[in-house]
Every structure is written in structure tokens, then in C-alpha cells.
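Peer 1: The numbering of the sequence shown is the working numbering, which starts it at 9 and goes up by one. All C-beta atoms, glycine included, are put in the ideal place defined by N, C-alpha and C. Only a predicted model underlies this, so the values are computations on that prediction, with no experimental measurement involved.
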Amino acid sequence: MTNDLAFGNWLKQRRKALRLTQKALALKAGCAEITLRKIEAGDLQPSAPLVASLAQALGIDARDLPGLVSLARGTGDGLTARTRLLRPQRPNNLPAQLTPLIGRESDITAVRRRLLADDARLVTLVGPPGVGKTRLSLAVAEDVLDQFDDGVFFVRLAPVTDPDQVAGAIAQALGMQMSGPNPPELQ
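(1) Assuming Leu66 and Arg22 make a contact with CB atoms under 8 Å, what is their CB distance in whole Å?
(2) Would you list the residues sitting across from Asn100 in a DSSP beta bridge?
(3) Which residue from Leu106, Glu193 and Ala49 puts its Cα closest to that of Ala177?
(4) Could you compute how far the alpha carbon of Val152 sits from the alpha carbon of Gly188?
(5) Taking buried to mean at least 16 other C-beta atoms within 10 Å of its own C-beta, is Leu87 buried or exposed?
(6) Hey, Pro99 and Gly159: beta-carbon distance below 8 Å or not?
(7) Quick one: residues in its chain with C-beta nearer than 7 Å to the C-beta of Leu182, no 5 flanking neighbours on either side, listed in chain order?
(8) If we ignore side chains and look at the alpha-carbon of each, how far apart do Ala37 and Ala63 end up?
(9) Under a three-way DSSP split, which group does Gly176 fall into?
(10) Along the alpha helix (DSSP H) that carries Pro57, what are the first and last residues, could you check?
(11) Where Ile68 and Ser114 are concerned, what is the direct C-alpha to C-alpha distance, given to the nearest angstrom?
(12) Less than 8 Å between the C-beta atoms of Gln105 and Ala70, yes or no?
(13) What's the gap between the Cα of Pro57 and the Cα of Cys39?
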């Protein structure tokens, strides 16, 4: 079996396990249905961005993206990638990272240690714009995803200009529906 076909088979199995049609998955991933058919048949090797879109549409853990891209491109150990991708998924909305975070291992370790400490309720990363706070937080989030049964969620706070909007932004990131006149923290 070629790696193209191995990826295609994995994709088809994952899609069916989620009870998605090819049309529904294509719509979620932003690709043509015929493209999906060709990938599943092993007739088309998807690009890395398409693999990332498919992974996100299928709810794949962002940490598994490099292995999945390797499987799809035929450059990695397909069996290892497939085996790892079958483990239970934790709920998350983490954006897929197409490249590894290099040179920040000590920062990841420090933030991870503080986040997983018994007395930690909140860890805040501060610094001037552009130093990589968001990218670091996403790397840590991916790293600790298996530690939180209820999942890990990314809340975009950059567009929030009013402190009263923070609870609503959190609720939106968690997929919660707000209704009525009460503020989100009272619902």
C-alpha cells in the first residue's frame, strides 16, 4: 500500500467514524468534493495546507499535524502516524500550527510547569506585541492537551476592547450559546 493510499484510507475511516459524507467534509475543510474523493482513492497527494484544513475539520489534535502531513506526503512512518492519530481526542479549538516552535523549549517547560502546578488557577503571559506570546501559549496548550479531560480552548482576546466582553469571548470559544438579557457570567 502506498503512503497516498494509506492516508486516503485513514481519511476515509476517520470521516466515516464521524459520520460525515464526502460532501460535508469537503465543505468543512474548504475543498472540492472531487478532491476529497481522489485523496481517499489514493489518486491525489494533498498539500500540507489542505492536510491542515482536513485535520481541523476532523477534530485532529494539532500536535498530530506534522505526523499527518508526513503520512500524506509519504515522508514519514505511516503506521506510527496512523496509530497516534487513533488515540482519544480531547475537545479543543486550537488552531493547527504548520511549523514547530524552535528555540523556546525552556519557555514551554516553564509555562507548562506553572500551568500544571496544583495551585495554578491562571497563568498570564505578558510582553510587548510581537514577541511570540500567542505562539508560545499555543505550543503549551498543545503540549498539555492530554492533561485536561475537558479539553483546552484558545480564546482570542486581541479584538476585545471592553472588559465586559471577556466573558462573552470565553463563552463563544467554548461554543456556548448565550441568550436573554443577563450577562454571560450570570447564564
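Peer 2: Taking the coordinates as given:
(1) Counting from one through the sequence shown, the residue named residue 66 turns up at place 58. Counting from one through the sequence shown, the residue named residue 22 turns up at place 14. About 5 Å separates the two Cβ atoms, so the contact holds.
(2) Counting from 1 along the sequence shown, the entry for residue 100 is found at position 92. Answer by DSSP bridge pairing, in chain order: Val160.
(3) Position 169 of the sequence shown, counting from 1, holds the residue named residue 177. For the residues Leu106, Glu193 and Ala49, the minimum Cα distance to Ala177 belongs to Glu193.
(4) What you label residue 152 is simply residue 144 of the sequence shown in a count that begins at 1. What you label residue 188 is simply residue 180 of the sequence shown in a count that begins at 1. About 35 Å.
(5) Here the question's residue 87 lines up with position 79 in the sequence shown. Any reading at Leu87 must be qualified, since the residue scores a pLDDT of 46, below 50, and its modelled position is unreliable; no value is offered.
(6) Reading the sequence shown from its first residue, position 91 is the one you call residue 99. Reading the sequence shown from its first residue, position 151 is the one you call residue 159. Result yes, Cβ atoms of Pro99 and Gly159 sit closer than 8 Å.
(7) Translated into the one-based positions of the sequence shown, residue 182 becomes position 174. So the list reads Phe161, once near-sequence residues are dropped.
(8) Reading the sequence shown from its first residue, position 29 is the one you call residue 37. Reading the sequence shown from its first residue, position 55 is the one you call residue 63. Each residue's Cα considered, the two are about 8 Å apart.
(9) In the sequence shown, counting from the first residue as 1, residue 176 sits at position 168. Helix, per DSSP.
(10) In the sequence shown, counting from the first residue as 1, residue 57 sits at position 49. Taken as a continuous stretch (DSSP letters only), the alpha helix (DSSP H) holding Pro57 covers Ala56 to Ala65.
(11) Position 60 of the sequence shown, counted from the first residue, corresponds to residue 68. Position 106 of the sequence shown, counted from the first residue, corresponds to residue 114. Distance between the alpha carbons of Ile68 and Ser114: 26 Å.
(12) Residue numbering aside, residue 105 sits at position 97 when the sequence shown is read from its first letter. Residue numbering aside, residue 70 sits at position 62 when the sequence shown is read from its first letter. Yes.
(13) Looking up residue 57 in the sequence shown gives position 49. Looking up residue 39 in the sequence shown gives position 31. Going by the C-alpha atoms only, they are around 11 Å apart.
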